[in-house]
Structures are given as C-alpha cells and as structure tokens.
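Q: Quick note: the sequence shown, position 19, residue 633 per the numbering used here, numbers continuous. The structure follows.
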Amino acid sequence: MSNSSYEKPDHWSIKAKKEGYPARSVYKLQEIDRKFGLLRKGIRVLDIGAAPGSWSLWVLKRLEGTGYLMAVDLQALAIASAGANFRFIRGDLYDQDLRSELLAAGPYGLVLSDAAPATTGNRVVDQGQSEAIVEAVIDYAEACLGQGGSLVAKIFQGGAEAGLIKRLRTRFTAARGFKPEACRPGSFETYLVATGFRP
Ligand SMILES: C[S@@+](CC[C@H](N)C(=O)[O-])C[C@H]1O[C@@H](n2cnc3c(N)ncnc32)[C@H](O)[C@@H]1O
C-alpha cells in the first residue's frame, strides 16, 4: 500500500510474530473459520495466493495431518513448502497448465483465496485487478469443488461485490461479504464467503 503507516506493526502483526506465523493475515482466516465453520479434519483445501504462508500454516494445523492442502502463489513461501498432506506450486493462477495441475488434485472441500494484485496506488486499477482475480478464483471453485464445498475470496471493495455475490448464489446455497476485525483499519479489502456448493 502506498500509505507507509499501513505497514506499521500493530497488535495483529506482533501477535503473528510471537505465534510463529509469517503474516498477520492468519487472524482473518481464523475469524472467518470461527464464523462459518469451514475447516475440519480430512478436508481437501486449495489455497490460492498462499505466500508467505500464514493461511496454509493455519490450515495444516487444523488438518492435523489429515486431508490435503494444495497451495499456489507467484512468490515462494516462508514456511516449509511440502509435507505428507501438503504441496505448494509456485506459479500464476492465470496459467492454464498450472490450472490443470491444481484442478487435477481436486475435488476440494474448500477453496481459499487471499490473492491480491500488487497495488499501483490507483484505486480503480487495483479494484479492477482484484475483481479479475476473484472471477478467476470463482472459475476455479466451480471447476473443482465437491458437493457442499465452500469458497473464501478476498476482494478490494469497489462495487463489484454485489454482482459477484449474485453469481455465487447461482451455484452455492449461501454467499455473502464478511470483513474480519483483523483487517487493517481503513483497508478496503473484504472477503466473499460462499457455502453449500452445488456441482
Ligand atoms: C496478501 S498475500 C497472501 C497472504 C497469505 N494468505 C498468508 O496468509 O500468508 C497475497 C498474495 O497473492 C499473490 N498473488 C497475486 N496475484 C497472483 C497470481 N496471479 N497468481 C498467484 N498468486 C498471486 C501474491 O503473490 C501474494 O503473495
């Protein structure tokens, strides 16, 4: 973000460091998980935009060695990037070969996306890129979620949310926006949460 105060360590950043998470974003997922009850042992999860790896680390903790986590990002993870039930692939979510590889490891019970474009400072451009990522993530979810599966996707607020929620409601039992308290004050990000996928 262009505002330098944005990067100042706050309560959540300090807590994340103490608890061994590479990013404060973990508390957003924890809050979403508490509210919607998405993670459980044995579930297969696709984590899009996973670096540096806080969400993946939390998912692995919740899986307790069961289920499976497939993670992807343009950047490397700051956590161990493989395990018996975990695989990380470095690449671009728009890449068609990568897409085929990620889909082949499905079906998943949960698709997570905290993916965000590198911000330019131009809010309209940034929102447009964020919206394009969410459209691509919904395409992924529609192609790889099993019956009753769920989706969480970050979006920069800017007016596209209502249309995306409308789209989600055509294939999911419920869909809504949810802004965790751990989002930085003044941040314009929010999350779309959809549950009850109908393949
Ligand atoms: C806010 S970070 C994710 C933080 C992560 N959930 C965590 O808890 O550590 C957003 C990530 O989205 C990734 N990203 C953005 N565009 C992407 C793309 N086209 N393909 C894959 N990853 C992308 C960025 O590289 C960045 O690491």
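We put the CB at the ideal spot given by N, CA and C, even for glycine. Since this is a predicted model, take the numbers as computed values, not measurements.
Assign Gly634 to one of two classes, buried (16 or more other C-beta atoms within 10 Å of its C-beta) or exposed (fewer than that).
A: It is exposed - the Cβ of Gly634 has fewer than 16 other Cβ atoms within 10 Å.
Q: So, with DSSP's three-state summary, where would you put Ser619?
A: With a pLDDT of 42 at Ser619, under the threshold of 50, the predicted position of this residue should be treated as unreliable, though the coordinate-derived value follows. Of the three classes helix, strand and coil, the one that applies to Ser619 here is helix, per DSSP.
Q: When the distance is taken between beta carbons, is Ile662 closer than 8 Å to Val725?
A: Cβ distance < 8 Å, so Val725 and Ile662 count as in contact.
Q: For Phe802, which residues from the same chain have a beta carbon less than 6 Å from its beta carbon, with the 5 sequence-adjacent residues on both sides left out?
A: The answer, listed in chain order, is Phe770, Gln771.
Q: Is Arg701 helix, strand or coil by DSSP?
A: If DSSP states are grouped into helix, strand and coil, Arg701 belongs with the strands.
Q: On the criterion of 16 or more Cβ atoms from any shown chain inside 10 Å, does Ser714 qualify as buried, or is it exposed?
A: Label assigned to Ser714: exposed.
Q: Tell me the residue span of the beta strand (DSSP E) that contains Ile662.
A: Run containing Ile662: 658-662, per the beta strand (DSSP E) assignment.
Q: Could you tell me which uninterrupted alpha helix (DSSP H) segments, each at least 4 residues in length, are contained entirely in the region 720-806, listed from first to last along the chain?
A: Fully enclosed alpha helix (DSSP H) runs of 4 or longer: 737-758, 775-783.
Q: Quick one: grab the DSSP three-state call for Ala685.
A: In this structure, Ala685 counts as strand in the three-state DSSP scheme.
Q: My output table needs one value for Phe811: the three-state DSSP class, helix, strand or coil.
A: Residue state, collapsed to three classes: strand.
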